[in-house]
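Enquirer: After the C-alpha cells below, expect a handful of questions from me.
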Amino acid sequence: MNYSKAETYTKKVLLGITGFVFAGMNIFAGETLTYPKDGKADRALGYQKLENSLGISGSYEGNKVIVNAGPAIERVFGAAQPGKENIEIMKKNTVIIDGGTLATNGRWERENENIPKGGSIYGAGGQATLVTENTVIIKGTSTVEGNVYGGYSHRGSATYNKVIIEGTPKFGTETILFGGRGSRSTALKEDKKTLAPLDVITGNTLEIKTKNVTVNDIKNFEKIIFNLSLEEIGKNDKILTLTNNKGVDLEKPETVGVSKKLNALTEEEKNKIIKEKNKDISLKIDVFLQNKPMKNMKNVKVVLINAKEGLRLSKLPKNINKTEKNYKYQVKFEKDKENLYGIINVTFLK
Numbered sequence: 002m003n004y005s006k007a008e009t010y011t012k013k014v015l016l017g018i019t020g021f022v023f024a025g026m027n028i029f030a031g032e033t034l035t036y037p038k039d040g041k042a043d044r045a046l047g048y049q050k051l052e053n054s055l056g057i058s059g060s061y062e063g064n065k066v067i068v069n070a071g072p073a074i075e076r077v078f079g080a081a082q083p084g085k086e087n088i089e090i091m092k093k094n095t096v097i098i099d100g101g102t103l104a105t106n107g108r109w110e111r112e113n114e115n116i117p118k119g120g121s122i123y124g125a126g127g128q129a130t131l132v133t134e135n136t137v138i139i140k141g142t143s144t145v146e147g148n149v150y151g152g153y154s155h156r157g158s159a160t161y162n163k164v165i166i167e168g169t170p171k172f173g174t175e176t177i178l179f180g181g182r183g184s185r186s187t188a189l190k191e192d193k194k195t196l197a198p199l200d201v202i203t204g205n206t207l208e209i210k211t212k213n214v215t216v217n218d219i220k221n222f223e224k225i226i227f228n229l230s231l232e233e234i235g236k237n238d239k240i241l242t243l244t245n246n247k248g249v250d251l252e253k254p255e256t257v258g259v260s261k262k263l264n265a266l267t268e269e270e271k272n273k274i275i276k277e278k279n280k281d282i283s284l285k286i287d288v289f290l291q292n293k294p295m296k297n298m299k300n301v302k303v304v305l306i307n308a309k310e311g312l313r314l315s316k317l318p319k320n321i322n323k324t325e326k327n328y329k330y331q332v333k334f335e336k337d338k339e340n341l342y343g344i345i346n347v348t349f350l351k
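If you're matching positions, the sequence shown starts at 2 in the numbering used here and goes up one per residue.
The structure is reproduced here in C-alpha cells:
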C-alpha cells in the first residue's frame, strides 16, 4: 500500500496549522479540550483545511483532548506543530476517544493510489520534532474509520508512545494502528548529514484491554500487551484480528524507501540505508490479568492475534509465569499459520 499522497497532505496539514483559537494559551503548559462541550470542531485549529478537525497547537506537552460524542470529525491531535514554530519535543499528550466518531472524508485517488483520507487520531504530530510519551486511548462505543498514530514526526522520531484499546470500539476496514510514524521516504535533514525519519519504533506500545478488536494491521510497535479480563474471555475468543489481505508480519516495520532527492548516493549506499531503516523489530508480547480470577483455570486457550491471510512471527514469545497475591498464573504461547494463541492457567495459593 502506497501512502505518499496522504503523507504529503499530512505534511501540508502540519505546516499549515496556525494556532489554537482559545485565549490564554501557554506554550509550556498542558491544556485540556473536550468535544463537543468546548464547541464545534471547526474552531479548534483555525486552519481552513482542518475545518472539521480537533486539536491543540499552542501547547506541546501535557495536553488532553477528549472526544465524547457529537457530530463526526475528521482528525484529532493531542498536540499539533505549527509550521513556523521550531519545536524540539512534543510529549505526554493524551487523546481519549470515548464514544466519539472519527470519519473519513473521501479518498486519495492518484495513479495507483486509492486510500481513505481523514478519520485519524494523532497522540501528537510534528515535523522534525521528537514526539514521545504520548497516549491515544480508544474506548466505549467509539468509531474510528481512519488510522491511529501514537506519535507522528515527519522528519524526527516518534518513540515511547502508547495506543490503548478498550470497550467495544469499531474500526474501518483499512484502519492501521501505528505506534509511531514518519515519512516513508528517507532524506537528509536540514543539517545535510542526518538521515530522517529517525526512529519511529523504540518503546512504542499497543495495549489491548478488550476482545474482538478488528483492524487492517498494526505497525511500528516494539511491545504488545494483552490486558485480559478473565470474566469476559472464554475459550477460543479472539482478542485482536488483523485483516490485511497480504498477511501480517509483526516484526516488520512499515517499509521506508529512499528519497529521489538523494540522487548522489550509489545503489550500494541506498541499499544500506533501506536495510537499516527496515530491519526487523525486536518484538515483546506480554499478558496481564486485569483483575483477580474467581477460580482456578486450566488450559483456557484464547486467540491473541488472528490474521486469516497469514501471521508471520520468527519465534514464539517467552512463556509467562507470574505470582500475584493469593494466586499465580501461567501463559503458554502457541502458533499456527494464522494465529498466536495464549493458553492460560490460574492456580490459587493456599
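Every residue gets a Cβ at the ideal spot worked out from N, C-alpha and C, and that includes glycine.
Report the residue ranges of all alpha helix (DSSP H) runs contained in full by the region 235 to 290; include only those spanning at least 4 residues, in chain order.
Expert: The region 235 to 290 contains these whole alpha helix (DSSP H) runs: 268 to 278.
Enquirer: Is it true that the CB of F179 sits closer than 9 Å to the CB of V214?
Expert: Taking 9 Å as the Cβ cut-off, V214 and F179 do not qualify as a contacting pair.
Enquirer: If E175 sits next to G119, beta carbons under 8 Å apart, how far is it from one beta carbon to the other, in whole angstroms?
Expert: Contact doesn't hold; Cβ gap of about 12 Å is too wide.
Enquirer: Tell me which residues share the same chain as K326 and place their Cβ nearer than 6 Å to its Cβ, disregarding the 5 neighbours each side in the sequence.
Expert: Closer than 6 Å at the Cβ level, and outside the excluded window around K326, lies no residue.
Enquirer: Classify E325 as helix, strand or coil using the three-state DSSP reduction.
Expert: Note: E325 maps to strand in three-state DSSP.
Enquirer: For the beta strand (DSSP E) containing D218, name the first residue and the last one.
Expert: Looking at the DSSP string, the run of the beta strand (DSSP E) that includes D218 is D218 to K220.
Enquirer: If you draw a straight line from the alpha carbon of L229 to that of N297, how long is it in whole angstroms?
Expert: Approximately 16 Å between the Cα atoms of the pair.
Enquirer: Please report the distance separating the alpha-carbon of K304 from that of K236.
Expert: It is worth fixing the name first, because residue 304 is Val in this sequence and not Lys. One C-alpha to the other measures close to 8 Å.
Enquirer: Please name the residue or residues paired with G126 in a DSSP beta bridge.
Expert: Answer by DSSP bridge pairing, in chain order: A81 and Y153.
Enquirer: Taking V77 as the reference, give the member of L350, N53 and P83 with the closest Cα.
Expert: Minimum Cα distance to V77 is reached at N53.
Enquirer: Do V66 and G79 have their C-beta atoms closer together than 9 Å?
Expert: Contact: yes.
Enquirer: Just to confirm, is the Cβ distance from I166 to T130 under 9 Å?
Expert: Result no, Cβ atoms of I166 and T130 do not sit closer than 9 Å.
Enquirer: Based on Cα-Cα distance, which residue from K285, E86 and Y328 lies nearest to N320?
Expert: When each option's Cα is compared against that of N320, the closest is K285.
Enquirer: Ordered along the chain, which non-local residues of its own chain (more than five positions away) have a Cβ less than 6 Å from that of N245?
Expert: Same-chain partners within the cutoff: N217 and D218.
Enquirer: Going by the DSSP bridge assignment, what does V132 pair with across the sheet?
Expert: Looking at the DSSP assignment, V132 forms a beta bridge with M91 and A159.
Enquirer: For chain D, check one thing: does any of its Cβ atoms lie closer than 9 Å to the Cβ of E175?
Expert: The chain labelled as chain D is not found in the depicted structure, where only one protein chain is given.
Enquirer: Counting only the same chain and skipping the five closest in sequence on each side, list residues whose C-beta sits under 6 Å from that of G258.
Expert: Cβ within range, chain order: S186.
Enquirer: In this structure, how does DSSP classify R185 when only helix, strand and coil are distinguished?
Expert: Coil.
Enquirer: State buried or exposed for M295, treating a residue as buried only when at least 16 other CB atoms are found within 10 Å of its CB.
Expert: Result: exposed.
Enquirer: Rounded to whole angstroms, how far is the Cβ of G101 from the Cβ of Y153, which I believe are closer than 8 Å?
Expert: Contact flag wrong, Cβ pair sits at about 20 Å.
Enquirer: Per DSSP, M298 is paired with what?
Expert: For M298, which the question treats as bridged, DSSP gives the partners V347.
Enquirer: Among the residues of its own chain, which have a CB less than 7 Å from the CB of V288, if the five just before and after it don't count?
Expert: So the list reads F227, L229, I321, V332 and G343, once near-sequence residues are dropped.
Enquirer: Are T160 and T133 touching if we call contact CB-CB under 9 Å?
Expert: Cβ distance < 9 Å, so T160 and T133 count as in contact.
Enquirer: T95: which of A81, T105, A104 and K253 sits nearest, CA to CA?
Expert: That would be A81, whose Cα lies nearest to the Cα of T95.
Enquirer: Using a 10 Å radius around the Cβ and a threshold of 16 neighbouring Cβ atoms, would you call D281 buried or exposed?
Expert: It counts as exposed.
Enquirer: Give me whichever residues DSSP pairs with L229 in a beta bridge.
Expert: Paired residue(s): L290.
Enquirer: Which stretch, first to last residue, makes up the beta strand (DSSP E) that contains S54?
Expert: Start and end: S54 to G56.
Enquirer: Might you give, ordered along the chain, the residues of its own chain that have their beta carbon closer than 7 Å to the beta carbon of F349, omitting 5 neighbours on each side?
Expert: The residues are N297, N327 and Y328.
Enquirer: What number of angstroms, rounded off, separates the C-alpha of T242 from the C-alpha of T267?
Expert: Cα to Cα, T242 sits roughly 41 Å from T267.
Enquirer: For the ligand ATP, any of its heavy atoms closer than 8 Å to the Cβ of E325?
Expert: Absent from the structure shown: the ligand ATP. Ligands present: none.
Enquirer: Can you tell me which of K210, K212 and N221 puts its alpha carbon nearest to the alpha carbon of E203?
Expert: At residue 203 the sequence reads Thr, which differs from the Glu that was named. Comparing Cα positions, the closest option is N221.
Enquirer: Of the residues N162, V347, T33 and K293, which one's Cα is nearest the Cα of K299?
Expert: Among N162, V347, T33 and K293, the Cα nearest to that of K299 belongs to V347.
Enquirer: Please determine, among T144, N340, L317 and K93, the residue with the shortest C-alpha to C-alpha distance to L354.
Expert: Because residue 354 is not part of the residues shown, which for the chain are 2 to 351, the question remains open.
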